[in-house]
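Letter by letter, the sequence shown follows residues 1 to 851 of the numbering used here. One structure is given here, and the rest of the page talks about it.
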Amino acid sequence: MNFESRPWFWWTLLVLAFACAGGAVWLFPKALPLLQVQVDMSRDQALAAAQTLQAEQFPELATDRAVASFGRDDGLQNYMELEGGGVDAFTGLLGQRFVAPYQWTVRRFRESQEEEFRAFFTPEGRLYGFARHVPEKAPGAALSEAQARDIAQAGARKLMGPALWAAYAPLSASQSTRTGGRIDHTFVYEHQSEHRAEARFRLNLVVAGDRLITMAPYAYVPEAFSQRFDALRSGNDTIAKVAGIATFGLLGLGGVVGGWLWLARRGGLAWRSALACSAVVALMLAGAMVSNLPLSWLGYATTESAHVFLMRHASNTLVSVAVTTLMLGLVFAVAEGLSRRAFPGHPRIFSFWSVESSASPQALGRTVGGYAWMGVELLLVSGFYLVARSQFGWWVPAESMSDPNILSAWRPALGPIANALQAGTMEEALFRAVPLAAAALVGSHLGWRRSAIALALVVQALIFAGAHANYPGLPSYSRLVELFLPALLWGLVFVRYGLVPCIVMHFTFDLALMSMPLFVAADSRLWLDRVLVVLAGLMPLLMVVRARLKQGYFAGLPARLRNAEFVAAPALAPSAAEPLLMEPSGVLAPMVIKARPWWLKRNALVGAACIGILAIAVWGTKPHVTPVFTLDRESAIARAQEVLSLQGVQLDATWKRLAIVRAVWEWDGQAVRFVWREAGPQKFYQLLDEGKIAPQHWRVMFRNTAGPVVERSESWEVALDGQGGVLAVFHQLPEGRPGPRLNREQAQALVKDYMAGQRALANRAWQEAAVQEIERPARRDWVFSYDDKSSLDVKGGTVRVTLNVRGDALDAWQYIFFPEAWQREQQQKESEKTALTIGKRVAGVGLAVLL
1 MNFESRPWFW
11 WTLLVLAFAC
21 AGGAVWLFPK
31 ALPLLQVQVD
41 MSRDQALAAA
51 QTLQAEQFPE
61 LATDRAVASF
71 GRDDGLQNYM
81 ELEGGGVDAF
91 TGLLGQRFVA
101 PYQWTVRRFR
111 ESQEEEFRAF
121 FTPEGRLYGF
131 ARHVPEKAPG
141 AALSEAQARD
151 IAQAGARKLM
161 GPALWAAYAP
171 LSASQSTRTG
181 GRIDHTFVYE
191 HQSEHRAEAR
201 FRLNLVVAGD
211 RLITMAPYAY
221 VPEAFSQRFD
231 ALRSGNDTIA
241 KVAGIATFGL
251 LGLGGVVGGW
261 LWLARRGGLA
271 WRSALACSAV
281 VALMLAGAMV
291 SNLPLSWLGY
301 ATTESAHVFL
311 MRHASNTLVS
321 VAVTTLMLGL
331 VFAVAEGLSR
341 RAFPGHPRIF
351 SFWSVESSAS
361 PQALGRTVGG
371 YAWMGVELLL
381 VSGFYLVARS
391 QFGWWVPAES
401 MSDPNILSAW
411 RPALGPIANA
421 LQAGTMEEAL
431 FRAVPLAAAA
441 LVGSHLGWRR
451 SAIALALVVQ
461 ALIFAGAHAN
471 YPGLPSYSRL
481 VELFLPALLW
491 GLVFVRYGLV
501 PCIVMHFTFD
511 LALMSMPLFV
521 AADSRLWLDR
531 VLVVLAGLMP
541 LLMVVRARLK
551 QGYFAGLPAR
561 LRNAEFVAAP
571 ALAPSAAEPL
581 LMEPSGVLAP
591 MVIKARPWWL
601 KRNALVGAAC
611 IGILAIAVWG
621 TKPHVTPVFT
631 LDRESAIARA
641 QEVLSLQGVQ
651 LDATWKRLAI
661 VRAVWEWDGQ
671 AVRFVWREAG
681 PQKFYQLLDE
691 GKIAPQHWRV
701 MFRNTAGPVV
711 ERSESWEVAL
721 DGQGGVLAVF
731 HQLPEGRPGP
741 RLNREQAQAL
751 VKDYMAGQRA
761 LANRAWQEAA
771 VQEIERPARR
781 DWVFSYDDKS
791 SLDVKGGTVR
801 VTLNVRGDAL
811 DAWQYIFFPE
821 AWQREQQQKE
831 SEKTALTIGK
841 RVAGVGLAVL
851 L
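Structure (structure tokens):
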């Protein structure tokens, strides 16, 4: 690319690029629903509104930290775009009062405190809902369902307004008795007039004791759609996995590792420049991680010290910088070394931004050409999305590259800039420079350079497009169609002009998509981030302008700044201090063999291993339980089929059989630890002998693999002890399977009859712990839980049985219930070890870097 040769062509290309960019700006709002969202509430306003709401609703709750995130309901968007009417139907939900596809979530909490508060707001700033977490052990009233419902309805009517509240009708109700004696009630309501296809808009109300603690609207999407969606998405994942294998094998091992070995023998690796470039990218990514620190508090466990949490975040950042620098440095060094030898006429990439190189028509042409191709690519992508949707009925969500949650960062611009820089440099080096340069070198050696490059162009385009196929898109090959031709174009640009225009195009293209939320939100503090994004996008051109101003004129690129003039590093010579194995005279120098230290001798190692094994045996805390098994795998499957046959269930060959052995610790490790540590080994073995803790057993599973996708969620599971005794039988039904709608009394009567007929459950002092009503499309399910405190009553832990009533089918499972407070206590103990783990990680990375 040289403006001095054929200037009319380049000016025409620039005009075309500007026209394409303008067309893309006009088309993108039609392709991206995010651009139609009116984001009037800023992050700071969301934090302030949540604090005010908490003070109004729960003035006694003390919190001192807060974090805000801005996200979208991907499940609702996927359903609406695929089966609910398309993109227009989804955008029609924006601004509605009964649903918020995009929303602010604010979490308010305090270190070491279990209670916390969350508030939800629409992008316009309207209150959407809230949720307070109340500990299980907290005391409270034990109200009846009617009393709790009155409290829930009064609170919702006040907060939502009478008009909106009047549109909701009751759907289901559940209750749970907490360890502190409090009864919590959950009520689900459904909007009566608003629905989209099978999507429903519901409201979840929770009353803890005598207070409304949760008001959370949500969109219900049928389970059948989720199953169909997963089945369709499996094609995307398969293509991406195949491309990942090809990337690792062909480009990683064959290209990068093979190229590294080949170049290292010839002194052709510019390590210092490569590591300097990779360090810049790594530091930018580290800056993005620091900017996202406020958002990381959303997943903070309050059982952990805030200082330890910050230490872990800092250590992760340091490790990321080190690993990214080394990995990208290797890729950059090999890509530069191979392309330098394969394309001697290209400008040297590591010297491209020097004053003498940048102040040349060749550098200007390659830089401006990158921007030009970016404009063309934006129009191609936006046009592809619209044509694919309107003409072919494809689902290609353009928003997969745009994360609205960047608005929650301390400096929202840093994330898009860093991620676009990493993708633009690493992907172009790995997918373009490495395979095409290697093909050119191999082809030149064999005498068919053009054919080798042509073959590599197709292969790299297929791998690149396939590697991005895991982005949502249907049909599964849509990303291949979308990216194959652009990848071919980028490959041709690299072969003709080098890596710089490809990097500029890729970086600015990704930056434009990733930073879109910054230009949608009406947040006055985002002006700086918008400026940073624009400056970052213009940085390549600004570097050329800077060089032109500093030099005072444009001059042709000197030959010494092209690949052909690179001076290879001298071959490494042995140090004078190191003795040679062969003296110049040909006489072998005497070899001095040092004795190994005592701790490397075999006997010492064997002794240390024995001591370690003995320590584990003596001080181990896990119970050693190995029951006698008389069933092998085939016998277990046959026995499980016999059990199902006795219940009138006959499964044909389309049902997949799978049998695995589940150990005590693998089934419910936390519960077993609770009994072992709090009740003691003797109580543990007693409960194990009585069948109240599941022993090591066979788990035989039957999965439906035939018929419609929505029916494949049906499954049977049979738990058998080592001798073939039946521990439990589970039957999972598809959500849409029709069945009776039993009321609570009918379902409870069915449960009591079942328990009375089971020897393991009959004649025990069961106390009702929880009742859950689940409204399905064509039936009503119930879940009942009962506690047997006569068998175990330690620190709130007890023996519990949960019975699932699906229509009129029933299954049950007995297990150990342990309190939430005990789990938090264990998490707090584990967090105390985190500082040591962080220290070891940082030391390991430091040692690796030094070595």
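Ideal Cβ placement from N, Cα and C applies to all residues, glycine included.
Exercise. Using the beta-carbon count (16 or more within 10 Å), is K594 buried or exposed?
Worked result: For K594, the pLDDT reaches just 48, beneath the cut-off of 50, and the residue's location in the model is therefore unreliable, although a value from the coordinates is still provided. Classification of K594: exposed, given that the 10 Å Cβ count is below 16.
Exercise. So who's on the other strand from T317, going by DSSP bridges?
Worked result: For T317, which the question treats as bridged, DSSP gives no partner whatsoever.
Exercise. Nearest CA to the CA of M284: which residue from L532, G722, Q826 and R265?
Worked result: L532
Exercise. Would a C-beta distance cut-off of 7 angstroms place R776 and E745 closer than the cut-off?
Worked result: no
For this session: Alpha carbon to alpha carbon, how far is F392 from E83? Give it in angstroms, no decimals.
Result: 15 angstroms
Problem set entry | Residue(s) in a DSSP beta bridge with A728 | A719
For this session: Take I774 and list the residues in its own chain whose beta-carbon comes closer than 6 angstroms to its own, dropping the five residues that flank it on each side.
Result: D781
Problem set entry | Beta carbon of V67 nearer than 7 angstroms to that of W297 | yes
For this session: Take W676 as the anchor and find which of I453, R182, G797 and A50 has the nearest alpha-carbon.
Result: G797
For this session: Report yes if the CB atom of A429 is closer than 7 angstroms to the CB atom of V442, and no otherwise.
Result: no
Exercise. Going by the beta-carbon positions, is the gap between A335 and A433 smaller than 7 angstroms?
Worked result: yes
Problem set entry | Nearest-angstrom Cβ-Cβ length linking A762 and A769, presumed shorter than 8 angstroms | Rounded, the Cβ-Cβ distance is 18 angstroms, inconsistent with contact.
Exercise. Can you tell me whether R560 is buried or exposed, with buried defined as 16 or more other CB within 10 angstroms of its CB?
Worked result: exposed
Problem set entry | Residue closest to A282, alpha-carbon to alpha-carbon, out of K241, P217, L421 and A46 | L421
Problem set entry | Distance, Q54 Cα to V672 Cα | 38 angstroms
Exercise. Going straight from the alpha carbon of Y300 to that of R110, what length do you get?
Worked result: 10 angstroms
For this session: Would you mind working out which of A173, A138 and Y168 sits nearest Q147, comparing C-alpha positions?
Result: A173
Problem set entry | Three-way DSSP call (helix, strand, coil) for K752 in this model | helix
Problem set entry | Proximity below 7 angstroms, CB of Y79 to CB of V188 | no
Exercise. Just the Cα atoms here: how many angstroms apart are M289 and P416?
Worked result: 11 angstroms
Problem set entry | Any 3 or more C-beta pairs closer than 8 angstroms across the region 511-519 and the region 382-390 | no
For this session: Give the C-beta separation of F225 and S273 to the nearest angstrom, bearing in mind that I take them to be a contact with Cβ-Cβ under 8 angstroms.
Result: Incorrect: roughly 52 angstroms between the Cβ atoms, too far for contact.
Exercise. Cβ atoms of V207 and I151: under 7 angstroms apart, would you say?
Worked result: yes
Exercise. CA-CA distance, A24 and N405?
Worked result: 23 angstroms
For this session: Please go through the region 750-836 and give each complete alpha helix (DSSP H) segment of 4 or more residues, from N-terminal end onward.
Result: 820-831
Problem set entry | Inter-residue spacing [alpha-carbon to alpha-carbon] between R65 and E124 | 24 angstroms
Exercise. Since G235 is in the alpha helix (DSSP H), which residue starts that stretch and which ends it?
Worked result: E223 to A246
Exercise. What does DSSP give as the partner residues of N852 in its beta bridges?
Worked result: The structure shown has nothing for residue 852, since the chain only spans 1 to 851.
Problem set entry | Member of T302, A286, N292 and A342 whose CA lies at the smallest distance from the CA of L318 | A286
Exercise. Quick one: is the Cβ of L489 within less than 6 angstroms of any heavy atom of the ligand FAD?
Worked result: By its list of ligands, the structure shown contains no ligand whatsoever, and the ligand FAD lies outside what it can speak to.
Exercise. Identify the residues that DSSP records as bridge partners of H307: which are they?
Worked result: The partner list for H307 (beta bridge, DSSP) is empty, contrary to what the question assumes.
Exercise. Taking the runs of the alpha helix (DSSP H) that are 4 residues or longer, which of them lie wholly in the region 345-403?
Worked result: 355-358 and 361-392
Problem set entry | For S785, the nearest candidate out of L810, K795, S408 and D652 (CA to CA) | L810
Exercise. How long is the line joining the alpha carbons of G235 and Y477, rounded to whole angstroms?
Worked result: 8 angstroms
Problem set entry | Delimiting residues of the beta strand (DSSP E) encompassing M215 | R211 to Y220
Problem set entry | Delimiting residues of the beta strand (DSSP E) encompassing A173 | Y168 to T177
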